[in-house]
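Read top to bottom, the protein sequences are chains A and C. Here this note's numbering is used: the first residue of the first sequence is 1, the next is one more, and so on. Here this note's numbering is used: the first residue of the second sequence is 1001, the next is one more, and so on. By construction, the Cβ of each residue, glycine as well, lies at the ideal position given by its N, Cα and C atoms. See below for the structure under consideration.
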Amino acid sequence: GDSVTQMEGPVTLSEEAFLTINCTYTATGYPSLFWYVQYPGEGLQLLLKATKADDKGSNKGFEATYRKETTSFHLEKGSVQVSDSAVYFCALGPTGANSKLTFGKGITLSVRP
Amino acid sequence: KAGVTQTPRYLIKTRGQQVTLSCSPISGHRSVSWYQQTPGQGLQFLFEYFSETQRNKGNFPGRFSGRQFSNSRSEMNVSTLELGDSALYLCASSLNPGANVLTFGAGSRLTVL
């Protein structure tokens, strides 16, 4: 079945450091790929998405490229801020006529001033 | 416009009790999905409703049920609560099933004692 694998966490960085969070997936067909972010005490917010191979999603300085050949969707940001501290989830789907998302386990990012 | 509204935000129950959680989707959104978030299992899909019909169901026991009303509002119910049901329950809405973007609510945090 469909699955998403995220790198193990947590990750702690200093402000202005470069961020990479790895995400790989297994899926039948050609699902859309997403990064969601969860701030403390809140629900999930869509950070960015890509709907087909080679698409690049971007938002708030974050970027991720849909790599079909490596089945990856790694999240990057050139210079993180303290306000980026949150839990980041990679997800795939939906496929077909349903809205089900398959999530990775999430990774906690802490950014130090 | 108003986002996805979940009530209650926090609740405490004891083993054996039942609980009902409510979700009001974004106006105009007709598909509602539910997810369970726990530290151990991460985010797991519970079910999806559209036009008052369950379209998709995750791998949860029959104690977990839901419904959707004609105004698209949805409720989920968990009967005979177990300690392991302690979780954040997230609701997400989308225009239609298979829509590419889900908008999540802030969640209902259930603690079972």
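- Within the same chain, and ignoring the five residues on either side of Phe34 (chain A) in sequence, the residues whose Cβ sits closer than 6 Å to its Cβ are Lys49, Ala91.
- Cβ contact annotation for Ala1002 (chain C) (same chain, cutoff 6 Å, sequence separation greater than five): none.
- Residue burial annotation: Thr1053 (chain C) is exposed, with fewer than 16 other C-beta atoms found within 10 angstroms of its C-beta.
- Residue-level contact check: Phe103 (chain A) touches chain C, since one or more beta carbons of chain C fall below 8 Å from its beta carbon.
- Straight-line measurement puts the Cα of Pro94 (chain A) at about 27 Å from the Cα of Pro10 (chain A).
- Taking each of C:Leu1113, C:Ser1031, C:Phe1047, C:Leu1043 in turn and checking the Cα distance to Phe1064 (chain C), the smallest one comes out for C:Phe1047.
- The shortest CA-to-CA distance from Asn59 (chain A) to any of A:Thr71, A:Leu13, A:Tyr36 is the one to A:Tyr36.
- According to the DSSP assignment, Tyr30 (chain A) belongs to no beta strand (DSSP E), since it is labelled neither H nor E.
- Per DSSP, reduced to three states, the secondary structure at Gly1084 (chain C) is helical.
- Counting only Cβ-Cβ distances below 9 Å, Gly1066 (chain C) has no contacts in chain A at all, with the closest Cβ about 14 Å away.
- Under the three-state reduction of DSSP output, Val1078 (chain C) falls in the strand class.
- The criterion of a C-beta distance shorter than 8 Å is not satisfied by Lys100 (chain A) and Ser1074 (chain C).
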